[in-house]
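To start, the structure itself, in structure tokens.
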Amino acid sequence: MVYICSPLRGNVERNIAKAVGYCRFATTRGVLPLAPHIIFTQFLDDEVSGERELGLQLGLEILKHCSELYVFGDRVSDGMSGEIKVANQLGIPIQYFTDRCERREKPHER
208 MVYICSPLRG NVERNIAKAV GYCRFATTRG VLPLAPHIIF TQFLDDEVSG
258 ERELGLQLGL EILKHCSELY VFGDRVSDGM SGEIKVANQL GIPIQYFTDR
308 CERREKPHER
């Protein structure tokens with residue numbers, strides 16, 4: 208299982224569509240992708256502070272069961288930064304990709 212880490216805030220609809228594409232890409236690499244921000248936005252409102260925090264915490268619980276973290280995009284949002292931090296603390300390997308699913312070096316964090 209691989210945790211898919213990508214931005215949500217901003218253009219939420221577009222970012223969810225991109226996350227779906229990242230899941231498709233991960234599947235072609237032979238892994239089971241999990242993108243909590245696709246799942247939890249179905250019943251939690253990211254614009255409501257308490258619900259956003261709950262979504263982030265639920266995502267971190269899922270991350271604990273993953274063998275890898277795939278980080279997508281040209282920037283690391285605050286939420287992504289928290290996921291990366293936890294992955295590092297747990298010793299979960301991290302791979303970085305552009306928004307076009309090309310391997311890249313670690314981008315600058317906010």
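Here the sequence shown stands for residues 208 to 317, where the numbers follow our numbering.
Every residue gets a Cβ at the ideal spot worked out from N, C-alpha and C, and that includes glycine.
Just so you know, these numbers come straight off a predicted model, no measurement behind them.
For PRO240, which three-state DSSP category applies? Position 33 of the sequence shown, counted from the first residue, corresponds to residue 240. Strand at PRO240.
Separation of GLU258 from GLY251, as counted between CA atoms: Here residue 251 is taken as the residue at index 44 of the sequence shown, counted from 1. Here residue 258 is taken as the residue at index 51 of the sequence shown, counted from 1. Going by the sequence as given, residue 251 is Leu instead of Gly. Each residue's alpha carbon lies about 6 angstroms from the other.
Continuous alpha helix (DSSP H) stretch holding VAL278: start and end: What you label residue 278 is simply residue 71 of the sequence shown in a count that begins at 1. Under the DSSP assignment, VAL278 falls outside any alpha helix (DSSP H), being part of the beta strand (DSSP E) whose first and last residues are 275-279.
Three-state class that DSSP yields for PHE304 in the structure shown: Translated into positions along the sequence shown, residue 304 becomes position 97. Here DSSP, grouped into helix, strand and coil, assigns PHE304 to strand.
For VAL293, which three-state DSSP category applies? Working through the sequence shown from its first residue, we reach residue 293 at position 86. Here VAL293 sits in helix by DSSP.
Report back the beta-carbon spacing between VAL209 and VAL238 to the nearest angstrom; my notes put them in contact at under 8 angstroms. As a first step, residue 209 must be located in the sequence shown, where it is residue number 2. As a first step, residue 238 must be located in the sequence shown, where it is residue number 31. Yes, they are in contact, since the Cβ atoms of VAL209 and VAL238 sit about 4 angstroms apart, within 8 angstroms.
Nearest by alpha-carbon distance to LEU265: which of ALA242, ARG282, SER284 is it? By one-based count along the sequence shown, residue 265 stands at place 58. Shortest Cα-Cα distance from LEU265 to any of ALA242, ARG282, SER284 involves ALA242.
Can you pull the DSSP bridge partners for TYR229? Sequence index remark: in the sequence shown, residue 229 carries index 22 (1-based). None, per the DSSP bridge assignment.
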